[in-house]
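Asker: The structure follows.
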Amino acid sequence: MQEAGVCLARFELLFDAAALPAPWEYNYQGNSDEAVWLARAHDSLKSLAIGEFQSVDPDSGNPYDTSHDFVDRAVVESVIWLFNDNGISKEQLKHRKLPAAAAKTAIDPPYRLSSIEICAGAGGQALGLHAAGFDAVCIYEQNKNAVATLKANRALGPVRQGD
């Protein structure tokens, strides 16, 4: 909490926090993505600095999700974006410019992904997994007609009939 407080103080020295969009305006089209990310990071740092690690109902003060004691993922992602290499450059910090450059939305995996599909049916999910970059280790289906369809269509991977 102490580190979050220090980061929050530094954030407010570097950026005009009053100019950031309010939480209820995050999805408004008039706000740039970068300004919204900065506002989310600011709100996340404020929450962490006061010890609120989950989204809280402003009326009751109770967390929305009481099934766990973990830090809210949105809080973590917002803070990570702020300190990410693709976030705010040193040049932008020098001139106190808003908005910052956007963070990467997609990350390339360090290796090829693979899948094993069971109960494949006619292969709709296998097509989707293939399009997403997965290599099929094997595709299993019990119905002989569906297996014939899978084999007749383009090769997505080895097809086996079985349960």
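Following this note's numbering, the numbering of the sequence shown begins with 10 at its first residue and continues without gaps.
Every residue, glycine too, gets a C-beta built ideally from N, C-alpha and C.
#1: Might you give, ordered along the chain, the residues of its own chain that have their beta carbon closer than 6 Å to the beta carbon of G166, omitting 5 neighbours on each side?
#2: Name the two residues that bound the continuous beta strand (DSSP E) containing A129.
#3: Is there at least one Cβ from chain C nearer than 8 Å to C16's Cβ?
#4: What is the DSSP secondary structure of R82, counted as helix, strand or coil?
#5: Taking only the alpha-carbon atoms, compute the straight-line gap between E34 and D42 and give it to the nearest angstrom.
#6: Which one or two residues does DSSP pair with L122 in a beta bridge?
#7: Quick check on this structure: which residue in H139, G130, V45, D172 has the alpha carbon closest to the alpha carbon of S124?
Answerer: Well, looking at it:
#1: A145, I148
#2: Unbroken run through A129: none, as it is neither H nor E.
#3: In the displayed structure, chain C is absent; only one protein chain is listed.
#4: Of the three classes helix, strand and coil, the one that applies to R82 here is helix, per DSSP.
#5: 12 Å
#6: The partner list for L122 (beta bridge, DSSP) reads F143.
#7: The shortest Cα separation from S124 among H139, G130, V45, D172 belongs to H139.
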